[in-house]
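For the sequence shown, the numbering used here begins at 2 and goes up steadily by one.
Even glycine gets a Cβ: it sits at the ideal position worked out from N, Cα and C.
Report on the structure given below.
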Amino acid sequence: RWLEDAKSPETRAFINDENSYTQRYLEQARIRPQIAGDLQNLEQVSTWTRPIQRGEDLFFTRRLSGEDQASIYVRQGWAGKDKRLIDPAQLSRNPNTSVELMDVSRDATLIAYGVREGGEDETTIHVYNIKTGKTLFDTLPRGIYWSLNFAPDGKGIYYSRTSQKGSLVFLHTLGTFSEEPDTLVFGHQFRGQDLGPNDLIESTVSDDGRYLVVTVEHGVPPTEEDIVYRDLTKPHSYFEVLTWGVQSRFSAIEDHGAWYVKTDYKAPNSCIMRADPGIMPDAWDMIVRAGPDPITDFRIVGGKLYVQRLRDVKPETAIYSLQGKLLGMLPLDGIGSVSTLRGRTTDRYGFYSFQSFIVPPIIYRLDTLTGKREVFAQTKVPFDSSQYQLIQVFYKSKDGARIPMFIAGKK
């Protein structure tokens, strides 16, 4: 029990002795330098994140081989060169300082980014002007942010942040000083219902810029998710209800005035429906029915539905029309893990990543019009995937359950 006090002199002495013993052993292990070198070569590689597209510009983070942290870049045009915008090494001497790309304004002139010190949960938010190459004076204080989006006109930022009483949604107007309080948009209470610490509130701006959409998750993990929205084209408008008080989970995407919702309402494996605001889901139109494989996520890009399912613990993405007709499958490079498609309902192109036990991460750009895909970025690793194979087999357990297993090894 004395080891439970991590800061006591006895515990620190014990840990130091253990580390010294371990170090003496490792120093006499002759193969260790080779192992360490091999691991370093595998780890010290360049990595990318899926980009955010604004017009022809692509915004993403990239960590070069040998760097401690990723930087924020822009690529102007598909064939353009990568330009570094925010370098965490220039912000702090602490190698554990990292940056995160939060959002990009619709006119591609501003980016919002978070700065995190070490492994802490809290982030400080800054805004960078791409045209001037300078960071604005606007700073959102250190805290836990659940969501952040530029207002459609680029003059403000909607964000959700945790407070002692729960999470709240605010609007920060760019150019105002930190002493001026931001405008509370949503939180504390709605429709006579108190919202407290166990109610996680997130917000997003619809891709067409018309609506501010707020999702309230009740409980951890949530057993109920409510969705409300405000028409930003109408000054002083009130929040309207898409769904509220239904003991199920919902996530919504608005596209040209229609609401598409993933829900487990009367569908444990989830389904996709076209929702009518303010009425019960029983009256909504079914687009993609529930099946034996659970639906984990969905996106609308280029006028098509991209629905991700988990089949035998392998993610796969089916492509549907907005009327629910199956059009095909997202192409994959064998067995592996595929991300959801990143893109807006108004975009032609979407981006997704693929990787497996033997294939390093690859990010593709998908043309939703033609179905053609191109490599946006590929991690170069000193590992020859062609010498290995990955297969999936199934084992029947004693209770009759069919257990999927992966086997990776040399061919």
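Asked: Which residues mark the beginning and the end of the alpha helix (DSSP H) in which Y239 is found?; Found: No alpha helix (DSSP H) contains Y239, which DSSP labels as neither H nor E.
Asked: Hey, out of H257, L43, K397, whose CA is closest to V360's CA?; Found: L43
Asked: From the DSSP output, in three-state form, read off P405 for me.; Found: strand
Asked: I'd like the ranges of any beta strand (DSSP E) spanning at least 3 consecutive residues and lying wholly in the region 87-130.; Found: 98-105, 111-118, 124-130
Asked: Going straight from the alpha carbon of I145 to that of G410, what length do you get?; Found: 42 Å
Asked: Tell me, please, whether the region 244-253 touches the region 220-228 by the rule of three or more beta-carbon pairs shorter than 8 Å.; Found: yes
Asked: Would you call the region 120-139 and the region 186-202 touching, i.e. three or more CB-CB distances under 8 Å?; Found: no
Asked: Would you kindly work out how many angstroms separate the C-alpha atoms of R13 and A7, rounded to a whole number?; Found: 7 Å
Asked: In chain order, which beta strand (DSSP E) runs of at least 3 residues are fully inside the region 377-404?; Found: 389-397
Asked: Report whether the distance from the Cβ of K263 to the nearest heavy atom of the ligand GDP is below 7 Å.; Found: The ligand GDP is not part of this structure, which contains no ligands at all.
Asked: Work out the CA separation of I408 and Q388 for me, nearest whole Å.; Found: 14 Å
Asked: Could you pull out every residue in the same chain whose Cβ sits closer than 7 Å to the Cβ of T234, ignoring the five residues on either side in sequence?; Found: R211
Asked: For a quick check, are the C-beta atoms of T62 and L92 less than 8 Å apart?; Found: no
Asked: Beta-carbon within less than 8 Å of R107's beta-carbon, same chain only, minus the 5 sequence neighbours each way: which residues are those?; Found: R55, F151, P153, G155, G210
Asked: By DSSP, does E11 sit in helix, in strand, or in coil?; Found: helix
Asked: Do W260 and A268 have their CB atoms nearer than 8 Å?; Found: no
Asked: So, using beta-carbon positions, are T371 and Y350 closer together than 8 Å?; Found: no
Asked: Tell me which residues share the same chain as V262 and place their Cβ nearer than 6 Å to its Cβ, disregarding the 5 neighbours each side in the sequence.; Found: F251, A253, M274, A276
Asked: Answer yes or no: do L175 and G157 have a C-beta to C-beta separation smaller than 8 Å?; Found: yes
Asked: So the candidates are R162, L141, T140; which of them puts its Cα closest to the Cα of W147?; Found: R162
Asked: Expressed to the nearest angstrom, what Euclidean distance is found between the alpha-carbon atoms of V215 and D58?; Found: 28 Å
Asked: Considering just the uninterrupted stretch of the beta strand (DSSP E) at I158, what are its terminal residues?; Found: 157-164
Asked: Please list, in chain order, all residues of the same chain as G329 whose beta carbon is under 6 Å from its beta carbon, the five residues on each side excluded.; Found: I320
Asked: Does the region 331-350 touch the region 301-319, meaning 3 or more C-beta pairs lie closer than 8 Å?; Found: yes
Asked: Kindly indicate which three-state DSSP category R25 falls into: helix, strand or coil?; Found: helix
Asked: Taking a contact to mean a Cβ-Cβ separation below 8 Å, would you say T48 touches P383 in this structure?; Found: no
Asked: How should Y159 be labelled, buried or exposed, when 16 other C-beta atoms within 10 angstroms of its C-beta is the threshold for buried?; Found: buried
Asked: Can you give the beta carbon distance from S309 to T341, rounded, assuming they're within the 8 Å contact cut?; Found: For the record, residue 309 in the displayed sequence is Gln; it is not Ser. Indeed, because the Cβ distance is near 6 Å, the residues count as touching under 8 Å.
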